[in-house]
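Numbering that gives the first Met the number 0 numbers the first residue of the sequence shown as 0 and each following residue consecutively.
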Amino acid sequence: MHYLHAAITETLRLYPGVPVDGKMADEDDVLPNGQRVIKGDGMNYMIYAMGRMKYLWGEDAEEFRPERWLVNGVFQQESPYKFIAFNAGPRICLGKEFAYRQMKIVAATLIQFFRFRLEDER
Ligand code: HEM
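Set out below in structure tokens:
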């Protein structure tokens, strides 16, 4: 289900379930961009904004376009540090694969029982 996987991922890029997330420094540290943080400092990263940054996603960043995730119809992973809807690194969402499974089941059920039309479709 490559296209459905791409459509769900594209939805989470533009409308992340966790739009902003926070972290706290366990110890004094220096971030990759040189910013110093002191133990106890809090910081947030904007998942919603990162999903819409043109320098990350290109000029069509605001467009819903599942095809951006596909090459010859096959889904291509992005770095989780770029597609950050599930966080990244050691604390990445443990339920990520399960969440995709659930969303696919819901989509399959809706498609089975309802016929969808675009609002402006004739
Ligand atoms: C679309 C659905 C979901 C999204 C967008 C999502 C997103 C996230 C994000 C952003 C975090 C990191 C939070 C942090 O910074 O501490 C996280 C952590 C986590 N998520 Fe999810 N999640 C989803 C569904 C699920 C589901 C269905 C489960 C369980 C079945 C789950 C289990 C967890 C767990 C256990 C963590 C903590 C991981 C850790 O701190 O080591 N998530 N999720």
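Ideal Cβ positions, reconstructed from N, Cα and C, are used throughout, including at glycine.
Query raised in the report: Say the cut is 7 Å; is the CB of V105 nearer than that to a heavy atom of ligand 1?
Result: For the purposes of this step, residue 105 is taken as the residue at position 106 of the sequence shown. Not so, every heavy atom of ligand 1 lies at least 7 Å from the Cβ.
Query raised in the report: Are there three or more Cβ pairs, one per stretch, closer than 8 Å when the region 6-15 is compared with the region 64-74?
Result: Segments in contact, yes.
Report task. Can you check the region 13-98 for any beta strand (DSSP E) of at least 3 residues that lies completely inside it and give the ranges in chain order? Result -> 19-23 and 41-45
Query raised in the report: How do the region 11-25 and the region 78-98 stand: do at least 3 beta-carbon pairs fall below 8 Å, yes or no?
Result: yes
**Report entry** Best match in I110, P18, H4 and K103 for proximity to Y44 [C-alpha to C-alpha]
**Finding:** Position 45 of the sequence shown holds residue 44. The candidate whose alpha carbon is nearest that of Y44 is P18.
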